[in-house]
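The working numbering puts the first residue of the sequence shown at 131, with every later residue one more than the last.
Ideal placement from N, C-alpha and C gives every residue a C-beta, glycine not left out.
Worksheet: the structure to be examined is printed underneath.
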Amino acid sequence: LCQGSRSEETHQRVGRLVPRDAELLVTVGSEARAVATAAEAHGMLPDAIRSFDTADEAARHLERVVRPGDVVLVKGSRLLRLDRVVQSLMRDPERADDLLVRL
Numbered sequence: 131l132c133q134g135s136r137s138e139e140t141h142q143r144v145g146r147l148v149p150r151d152a153e154l155l156v157t158v159g160s161e162a163r164a165v166a167t168a169a170e171a172h173g174m175l176p177d178a179i180r181s182f183d184t185a186d187e188a189a190r191h192l193e194r195v196v197r198p199g200d201v202v203l204v205k206g207s208r209l210l211r212l213d214r215v216v217q218s219l220m221r222d223p224e225r226a227d228d229l230l231v232r233l
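The structure is reproduced here in structure tokens:
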């Protein structure tokens, strides 16, 4: 999203939008906790929010709760290694290098 002096503000703005369009919010890393806090403050139920320190923890959680037909948006810094989350959910994770878009 954003680093530096506007990071928390930007994360909070995103969090305000989440309850409108999502049933579940999973965040990774300390800065993303501002997304979770704002989402709850704007009506998302606490049971629908999970925050993790690492991408591997988030991946293990999502492997348990994501079902066929679910739509999952993964957005975050490459430093957080969120590609691991996507790979854990892929039908063919060995094709990750061919299928994942990394900007």
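Measure the alpha-carbon distance for Gly173 versus Pro223 and round it to whole angstroms. The alpha-carbon separation between Gly173 and Pro223 amounts to approximately 35 Å.
Measure the alpha-carbon distance for Val148 versus Ala169 and round it to whole angstroms. Looking at the two C-alpha atoms, the distance is approximately 6 Å.
Below 7 Å between beta carbons: does that hold for Ala144 and Val165? One detail in the question is off: residue 144 reads as Val in this sequence, not Ala. Contact check for Val144 against Val165 passes: the beta carbons are separated by less than 7 Å.
Specify the secondary structure class of Val156 as computed by DSSP and reduced to three states. DSSP places Val156 in strand when its eight states are reduced to three.
Which first and last residues belong to the alpha helix (DSSP H) in which Ser137 is found? Under the DSSP assignment, Ser137 falls in the alpha helix (DSSP H) whose first and last residues are Ser137 to Asp151.
Taking just the CA atoms, how far does Asp213 sit from Ala226? Spanning the alpha carbons of Ala226 and Asp213 requires a straight line of approximately 9 Å.
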